[in-house]
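Undergrad:
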Amino acid sequence: MARWLPRSTDLTRFCQKLNRVKTLEDDMMETSFNRCLSTIDLTLLGIGGMVGSGLYVLTGTVAKEIAGPAVIVSFIIAGFASLLAALCYAEFGARVPKTGSAYMFTYLSVGEIWAFLIGWNVLLEYMIGGAAVARAWSGYLDSIFNHKIKNFTETHVGAWQVPFLARYPDFLAAAILLVATAFISFGAKVSSWLNHVFSAISMGVILFILIMGFVLAQPKNWSAQEGGFAPYGLSGIMAGTATCFYAFVGFDVIAASSEEARNPQRAVPRAIAFSLGLATGAYILVSVVLTLMVPWHTLDPDSALADAFYRRGYAWAGFLVATGSICAMNTVLLSNLFSLPRIVYAMAEDGLFFQVFSRVHPRTQVPVVGIVVFGLLMALLALVFDLEALVQFLSIGTLLAYTFVAASIIVLRFQQHKGDVPAPGASSRPNAEPHEGPSGGELKEYESFSDKLHLVDRDKSKEQREPGQLKAAFEPYLEFLSDFYPGEVVTVAVVTLMVSAICLCSILVFGNTHLHLPTWSYSLLLVLFSLGFLLSLLLIWAHEQQHSTQTFQIPLVPLSPALSIILNIYLMLKLSYMTWLRFAVWLLLGLLVYFGYGIWHSKENLREPRAQRVSARYVVFPGGSLEERVQAVQPSCQPATGLPDTDTDDCKR
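The numbering used here applies: residue 2 is where the sequence shown begins, and numbers increase by one.
1. Thinking C-alpha only, which one of Val158, Asp171 and Gly131 is nearest Ala181?
2. Let's see if you can read the secondary structure: which residues bound the alpha helix (DSSP H) around Arg263?
3. Taking just the CA atoms, how far does Ala280 sit from Arg414?
4. Just to confirm the assignment, what range does the alpha helix (DSSP H) spanning Gly49 have?
5. Output yes or no for whether 8 Å exceeds the beta carbon distance between Pro468 and Gln547.
6. Unbroken alpha helix (DSSP H) runs of length 4 or more, entirely within the stretch 152-220: which are they?
7. Please classify Lys221: is it buried, with 16 or more other beta-carbons within 10 angstroms of its beta-carbon, or exposed?
8. Can you check the stretch 47-117 for any alpha helix (DSSP H) of at least 4 residues that lies completely inside it and give the ranges in chain order?
9. Mind the definition here: the stretch 261-276 touches the stretch 42-62 only if three or more C-beta pairs lie below 8 Å; say whether that holds.
10. Buried or exposed for Ser75, going by 16 or more other Cβ atoms inside 10 Å?
11. Alpha carbon to alpha carbon, how far is Pro556 from Ala103?
12. Measuring only the C-alpha atoms, how far is Lys18 from Val134?
13. Taking 8 Å as the limit between beta carbons, can you name the residues of its chain near Gly591, skipping five residues before and five after?
14. Can you tell me whether Ile372 is buried or exposed? The criterion is at least 16 other CB atoms within 10 Å of its CB, across all chains shown.
15. Distance, Cα to Cα, Phe394 vs Ala494?
16. Which word fits Lys575, buried or exposed, when buried means at least 16 other C-beta atoms lie within 10 angstroms of its C-beta?
17. Can you tell me where the alpha helix (DSSP H) holding Arg343 begins and where it ends?
18. Check whether the stretch 330-338 and the stretch 195-208 are in contact - that is, three or more C-beta pairs closer than 8 Å.
19. Taking Val370 as the reference, which of Gly47, Ala349 and Phe596 has the closest Cα?
20. Give a yes or no on whether the C-beta atoms belonging to Lys65 and Pro302 are separated by under 8 Å.
21. DSSP three-state label for Phe553, please.
22. For Asp143, which of Ala174, Glu476 and Arg466 has the nearest alpha-carbon?
23. Could you check whether Val52 and Ala283 sit closer than 8 Å to each other, using their CB atoms as the reference points?
24. Give the single residue among Ser483, Ala243 and Phe534 whose Cα lies nearest to the Cα of Ala502.
25. So who's on the other strand from Gln544, going by DSSP bridges?
26. Beta-carbon within less than 6 Å of Tyr108's beta-carbon, same chain only, minus the 5 sequence neighbours each way: which residues are those?
27. Look at Pro70 and Phe310 and say whether their C-beta atoms are less than 8 Å apart.
28. From the DSSP output, in three-state form, read off Phe386 for me.
29. Determine the direct distance from the alpha carbon of Ser9 to that of Leu532, and round the result to whole angstroms.
30. Please report the straight-line C-alpha distance between His544 and Ala563, rounded to a whole angstrom.
31. In or out: Tyr578 buried (at least 16 other Cβ within 10 Å) or exposed?
32. Just to confirm the assignment, what range does the alpha helix (DSSP H) spanning Phe358 have?
33. For Tyr169 versus Lys190, is the C-beta distance shorter than 8 Å?
34. Out of Gly140, Arg583 and Leu321, which one is the CA nearest neighbour of Gly205?
35. Kindly indicate which three-state DSSP category Thr514 falls into: helix, strand or coil?
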């Protein structure tokens, strides 16, 4: 029976396949897309992706059902957590101007299977986002006509009473998605122009809401008579924060569009900062005026802002808000349909997804197959599914992507440079293999003579430490860590940090409620996992990191990404168990796709055999000084895996 058990070498090779990282081309500005987007274009894309149904629908839903007027605090916390994640996206988007967003960033730093799962979840995130916005768009238009569309559909088509499905099929939502899909397929220029028009109308409506809302504000709506400012307490605020993350999903459209930016090194960080700042301010101020205009417990979750103006006697204002909100939601639809096919393209281009989605139309320079297919899938989701169920599912995918991007920033920052471009995925070990020399000492074997010269130069000036090496100030105290290759200790510390964060957040969320821990064990576990998190953070900080003045870098690394990680994990654990169950089912489907197709067609899998061939090798014998003796060694005559047998014949000759 032991014959059927896998050998350790096979398991090792299999794990290496799962964790292999993407190799970047030398010229990262070369692309099959059209680099035509400016900083303003990207900023408006980001604003359009964030200011839509989250502003016109979620503010009312969260205020009435989850947090009350404290929805303001929920948006502040969600905005801060999104800022930490946005800074990570900004650094990656500037350094690696390739489409793919969180999928690409994870593939460069963490590994292939993790990148695929992140990309798989991002696909669902964008599909759900587009479907949810389309249903909100339909609901607002229906409210203008006094719900006549809804009544007509229920009367002539019928109503459903099935969990997670809408009460009636929303044909209007499906139709608007099909129309938006047609416009997106005409190219980036057309999409950007449409986004400009709708964004201008949306910002004008928001300005009107703020001015008119503060005029009609009544502070008594926050009084104890109406339930107070935070009727659901801290738990309601944090639960509302997890849901409010849906509002800030849109900023990653900027990173996904970096391959179509004219100057991504400058445009991507600026566009992310401008769009996130403006969107966060808009959410906070609109939440203030909404909960001050009418009591929070009387809000209409489907069309809160328009209904609030109707009830205050300004029917014309409610009509204007409903019309403007439709324009805002159009920008979100365009944003989702713009980003989704590009992420699918990135996965297909790397061989992890079906190759048909990597085709780019020669005239419009967009992945038209992905646009059409996923536009149809979005329309199907909008036709039958319930908005609230979709929003809850969306939050978990977003938070998971933010967590992996933050971890990728730490890993990438402590990797070694490769010229002017960081080598994400290249091993931090020099291309050397230790052997025993003739004098009994250790000799090192290199794949190129330049590797040997590089290490000799490094020995001559140890004060110039490379990223991933232990800082000189910590060597007397952590000397045992000097034996590891640069970046290895940091990678282990990042894994330990994430495990500690998961355990710490689990105790905070479930310790008193589901686990019913006594006070002493609750406190002890909090202290232990907090120490594990802090020690991992300090261990990372004790190593040298990359410092670049050419592109944007997130400040306070590793602290900023670590805060993003722990906050994202906490918010994920606040989501319902049904959300996690549906998420697990989706992950299992993704694993079937990866092991059935992606792992076999990956371009990195095709690149591996060529990477094993070495044309010449050098052995360095240790001596008493830096002037070491170098001896050339002929390559082995055994054919490498995947190479033809003619190599053996060449050696014989």
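Ideal Cβ positions, reconstructed from N, Cα and C, are used throughout, including at glycine.
TA: According to the data block:
1. Gly131
2. Where Arg263 is concerned, there is no enclosing alpha helix (DSSP H), given that its DSSP letter is neither H nor E.
3. 29 Å
4. Thr40 to Met51
5. yes
6. 172-185 and 189-216
7. exposed
8. 60-63, 72-96 and 103-110
9. yes
10. buried
11. 19 Å
12. 38 Å
13. Phe117, Leu118, Trp121 and Asn122
14. buried
15. 30 Å
16. buried
17. Ala316 to Glu350
18. yes
19. Ala349
20. yes
21. coil
22. Ala174
23. yes
24. Phe534
25. Checking the sequence, you will find His at residue 544 rather than Gln. Its beta-bridge partners are Leu471.
26. Lys23 and Ala116
27. no
28. strand
29. 35 Å
30. 16 Å
31. exposed
32. Per DSSP, Phe358 belongs to no alpha helix (DSSP H) and is neither H nor E.
33. no
34. Leu321
35. coil
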